[in-house]
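Asks:
In this note's numbering, the protein residues as written are 155 to 252.
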């Protein structure tokens, strides 16, 4: 299996989870952007999703369930991908879910 096959396989799994948990795909895309901006820092991403799931800003209260589900997906994501490749898989997963 080549490198892109691994990324796309992970993306397909993510897309299925995003659909199953009925996540707002715009919020999932924003979370992926945050991961990239933070330099592919898994810990920062986890903290961000946890914070948004537990104490979102007032304007984001409607999105709280989506962030809870995104945090669940992120915590359960068992992948060997790291950094930019992990971000690619996340981004493709969101695109596939659309």
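Note that CB positions come from ideal geometry on N, CA and C, so glycine has one too. Everything numeric in this text was worked out from a predicted model, so none of it was measured.
Have a look at residue 188 and residue 204 and give me their C-alpha separation to the nearest angstrom.
Replies: Counting from 1 along the chain shown, the entry for residue 188 is found at position 34. Counting from 1 along the chain shown, the entry for residue 204 is found at position 50. In a straight line, the C-alpha of residue 188 is about 13 Å away from that of residue 204.
Asks: Looking at residue 222 and the ligand GDP, is the gap between the Cβ and the nearest heavy atom below 7 Å?
Replies: With respect to small molecules bound, the structure shown includes none, and the ligand GDP cannot be examined in it.
Asks: Do residue 172 and residue 182 come within 8 Å of each other at the CB atom, strictly closer than that value?
Replies: Reading the chain shown from its first residue, position 28 is the one you call residue 182. Reading the chain shown from its first residue, position 18 is the one you call residue 172. Contact: yes.
Asks: To the nearest angstrom, how far is the alpha carbon of residue 245 from that of residue 212?
Replies: Against the chain shown, residue 245 aligns to sequence position 91. Against the chain shown, residue 212 aligns to sequence position 58. Residue 245 and residue 212: Cα-Cα distance of roughly 27 Å.
Asks: Output the boundary residues of the alpha helix (DSSP H) element that contains residue 194.
Replies: By 1-based counting over the chain shown, the position of residue 194 is 40. It is not in any alpha helix (DSSP H) - residue 194 carries neither H nor E in the DSSP assignment.
Asks: Please classify residue 174: does DSSP put it in a helix, a strand, or coil?
Replies: As a first step, residue 174 must be located in the chain shown, where it is residue number 20. If DSSP states are grouped into helix, strand and coil, residue 174 belongs with the helices.
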